[in-house]
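Enquirer:
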Amino acid sequence: MTRVLRLLALRALSAIPTLLIVAFGAFMLLEFAPGDAVDAYLAQTGGDAGFAAELRRSLGLGGTFAERLAGFLVSLATLDLGQSVVFARPVASVIAERLPNTLLLMASTTLFAAGIGLGLGMLAGRRPSSLADHGISTAALVLLAIPNFWLGLLLVVGLAVSWPLFPVAGIRSLTTTGGPAVALLDLLHHLVLPTLALGAGYIALYLRTLRAGMVEAWQSDHVRAARARGLSESSVLRRGVVRPALLPSLVVAGQNIGTLVGGSVVVETLFSIPGMGRLAFEAVTGRDTALLVGVVMSATLMVLAINLVVDLAMAWVDPRLGAIDG
Amino acid sequence: MGDSLAARLLGTTAGLAGLLLLLAAAIMAMAAPWLFPADPFDIVARPLLHPFSQMQHPLGTDRLGRDLLAMIAHGTRPSLVTALSVAAVALGIGLAAGALAGMFGGLVDELIMRLADALQTVPSFVVALAVVSVLGPSLPGLVAALSLSAWTAPARVVRAEVMRLRSAAFVESSLLLGRNRAIVALQVVLPNAIAVALALAAVIVAGALLSEAALSFLGLGDPNRPSWGALIAEGRQVMRTAPHVIIAPGIALFLTVLAVSLVGEGLAKALSRRNS
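Residue numbers (our numbering), protein chains in the order written: chain A, 1 to 326; chain B, 327 to 602.
1. Does the structure place the segment 447-456 of chain B close enough to the segment 527-542 of chain B that three or more beta carbon pairs sit under 8 Å?
2. Tell me whether residue 340 of chain B sits in a helix, a strand or coil according to DSSP, three-state version.
3. In whole angstroms, what is the alpha-carbon distance linking residue 313 of chain A and residue 7 of chain A?
4. For residue 85 of chain A, count neighbouring C-beta atoms within 10 Å of its own C-beta (all shown protein chains included) and say buried if the count is 16 or more, exposed if not.
5. Return the chain-ordered list of same chain residues with a C-beta closer than 7 Å to the C-beta of residue 463 of chain B, the five sequence neighbours on each side being excluded.
6. Along chain B, which residues have their Cβ under 8 Å away from the Cβ of residue 259 of chain A?
7. Please state whether DSSP places residue 438 of chain B in a helix, a strand or coil.
8. Please classify residue 492 of chain B as buried or exposed, where buried requires at least 16 neighbouring CB atoms within 10 angstroms.
9. In this structure, how does DSSP classify residue 321 of chain A when only helix, strand and coil are distinguished?
10. So residue 265 of chain A contacts chain B; which residues on that side make the cut at Cβ distance below 7 Å?
11. Can you tell which of B:420, B:441, B:356 has its C-alpha closest to the C-alpha of residue 407 of chain B?
12. Residue 591 of chain B versus chain A: which residues are under 7 Å apart at the beta carbon?
13. Scan the segment 137-205 of chain A and note each continuous alpha helix (DSSP H) run of 4 residues or more that stays entirely inside, going in chain order.
14. What is the DSSP secondary structure of residue 17 of chain A, counted as helix, strand or coil?
15. Go to residue 416 of chain B, then tell me how far its alpha helix (DSSP H) extends in each direction, as first and last residue.
16. Excluding the 5 residues preceding and the 5 following residue 272 of chain A in the sequence, name in chain order all residues of the same chain whose CB lies nearer than 8 Å to its CB.
17. Mind checking whether residue 91 of chain A and residue 294 of chain A have CB atoms under 7 Å apart?
18. Quick check: is the beta carbon of residue 273 of chain A nearer than 7 Å to any beta carbon in chain C?
19. Does any residue of chain A bring its CB to less than 7 Å from the CB of residue 459 of chain B?
20. Between residue 250 of chain A and residue 386 of chain B, what straight-line distance do the alpha-carbon atoms span, to the nearest angstrom?
21. Using the C-alpha atoms, what's the distance from residue 595 of chain B back to residue 602 of chain B?
22. Can you name the residues of chain B whose CB is closer than 7 Å to the CB of residue 330 of chain A?
23. Would you say residue 21 of chain A lies against chain B (beta-carbon separation less than 7 Å)?
24. Would a C-beta distance cut-off of 7 Å place residue 466 of chain B and residue 420 of chain B closer than the cut-off?
25. Are the Cβ atoms of residue 197 of chain A and residue 265 of chain A separated by less than 7 Å?
26. For residue 108 of chain A and residue 191 of chain A, which I take to be in contact (beta-carbon distance under 8 Å), what is that distance rounded to the nearest angstrom?
27. Does any C-beta atom of chain A lie closer than 7 Å to the C-beta of residue 583 of chain B?
This is the structure in structure tokens:
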């Protein structure tokens with residue numbers, strides 16, 4: 001248990017410089033964005049220059065660069081993300097409302113992509129350089145080259161319009177009658193096309209990682225040793241090749257949380273899913289810099305938190321991690 | 327090294343196929359002004375003409391009656407120029423930062439790597455969105471937005487390679503001869519690390535092509551030049567009745583990204599054969 005706690009403490013400490021750097025970047029965004037919160041506010045209410053100056057002073061927007069930076073960091077530390085101009089509500093409450101939908105999309109995409117990707121990777125890595133391997137590896141390159149927004153549109157045209165199997169947009173039906181089971185089915189029904197659009201590229205990622213690990217494992221000493229001990233070919237495959245190659249897939253899953261959030265900007269916008277990704281887009285088009293800064297900061301926190309969970313999972317699978325010398 | 331590496335690249339099926347496709351894209355990018363001398367935004371025919379129905383407009387027209395093939399051809403150059411610039415900038419910064427971090431270690435290493443950590447944690451597409459919204463959709467703005475996160479991968483690879491090579495005999499002897507650390511880093515270690523970074527270049531170019539198209543698709547590109555992403559976005563309104571309007575530019579984008587990935591795959595194979 002102390003091993004896991006030590007790992008946790010280490011990760012939490014290493015997150016601090018990341019958060020500070022991202023916060024500084026977000027502050028520079030506020031500084032360089034044309035117009036500030038006061039301009040945005042006055043555009044709605046009206047007011048003269050004196051009122052604007054007074055408002056700036058009271059919001060901590062005046063003063064020197066260092067004073068403004070300090071004020072920004074203090075309000076971040078107290079989880080005060082400011083006021084959204086577009087929504088006319090606190091940024092934190094808008095984000096809290098949007099976060100679950102994005103987490104849902106990320107979870108379904110990861111499950112889908114890892115399931116198919118690891119399965120195909122196993123088929124390809126079972127006999128490297130075989131016909132199946134070449135076919136699957138080529139398919140992976142094709143999947144990586146398909147633009148997710150384009151795939152999303154094609155899916156809408158094919159599976160929602162021409163052949164109306166799935167809803168065109170949204171995350172749940174406006175009118176649902178029935179119990180929680182019906183609501184869940186409705187949700188999953190809405191998630192199918194966005195998950196396919198976002199997940200296609202990640203199938204290739206999991207596939208390639210598992211395959212590469214398996215190709216390496218086939219040449220390792222422990223596989224030769226297992227064969228020498230007379231283990232059957234299927235148990236060599238299962239225990240000597242697939243198992244050690246699975247761990248890097250977990251690392252890949254952790255490393256790609258950030259790109260998944262980035263991809264959700266496009267896919268959520270495309271499918272009108274009210275999540276964090278679409279919120280980032282709405283913040284940019286609405287010139288709502290406070291909201292954009294809030295999205296950047298909370299997306300960073302989310303990535304750090306998910307990475308922590310992945311690290312704990314790794315520590316659980318691999319006892320060497322977090323040991324005194326490791 | 328250049329000669330044999332190129333020969334090996336052409337020897338792989340992936341490398342050869344990728345280079346041929348890329349060559350086609352490059353020719354299209356350069357020949358577009360001669361093949362389609364008129365403004366690609368000109369209205370030339372009936373709107374939503376189907377592909378292959380009129381020989382003058384082989385891919386048909388969009389909802390305003392503009393020639394799709396002309397717009398796709400004119401969109402090739404901006405896409406390629408943006409993606410190649412991103413790769414050049416990201417590799418340049420990544421090589422320099424990775425070499426400095428690996429050579430000096432200590433505080434320099436710490437500063438550079440913590441910055442890389444931060445940029446790899448914050449979602450890169452969201453960063454690009456934010457930077458473009460501040461700098462505007464000009465070429466320098468786009469390149470800055472997309473390079474900001476892209477330099478971290480080559481920096482890490484180069485840093486690891488430099489650390490491995492740092493203790494090699496030929497580097498030690500250069501240092502013993504009294505030469506400056508930074509100059510040794512740049513002159514001796516870099517050429518060795520460049521081969522590794524090159525394989526990453528393909529990944530960066532492919533990613534930049536897709537991200538740039540996604541930004542244009544969201545309406546954050548330059549509205550005054552034809553772009554594949556913007557073409558697809560515009561086609562959305564009519565895609566139910568005329569899907570060719572989104573399919574054609576999407577295939578152009580897909581084939582270009584595929585070409586770059588194939589070249590990268592071939593490059594990685596050629597490099598691994600050279601090392602073994």
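Note that CB positions come from ideal geometry on N, CA and C, so glycine has one too.
Expert: The structure says:
1. yes
2. helix
3. 11 Å
4. buried
5. 546, 547, 548
6. 449, 450, 451
7. helix
8. buried
9. coil
10. 451, 452, 455
11. B:356
12. 141
13. 148-156
14. helix
15. 394-430
16. 169, 170, 278
17. yes
18. Checking the listed chains, one finds no chain C in this structure; the protein chains it contains are A and B.
19. yes
20. 46 Å
21. Only weak support is given to the placement of residue 602 of chain B: the predicted model assigns it a pLDDT of 46, under 50, and the question is left unresolved by the model.
22. With chain A running from 1 to 326 in the structure shown, residue 330 of chain A is simply not present.
23. yes
24. no
25. no
26. 5 Å
27. yes
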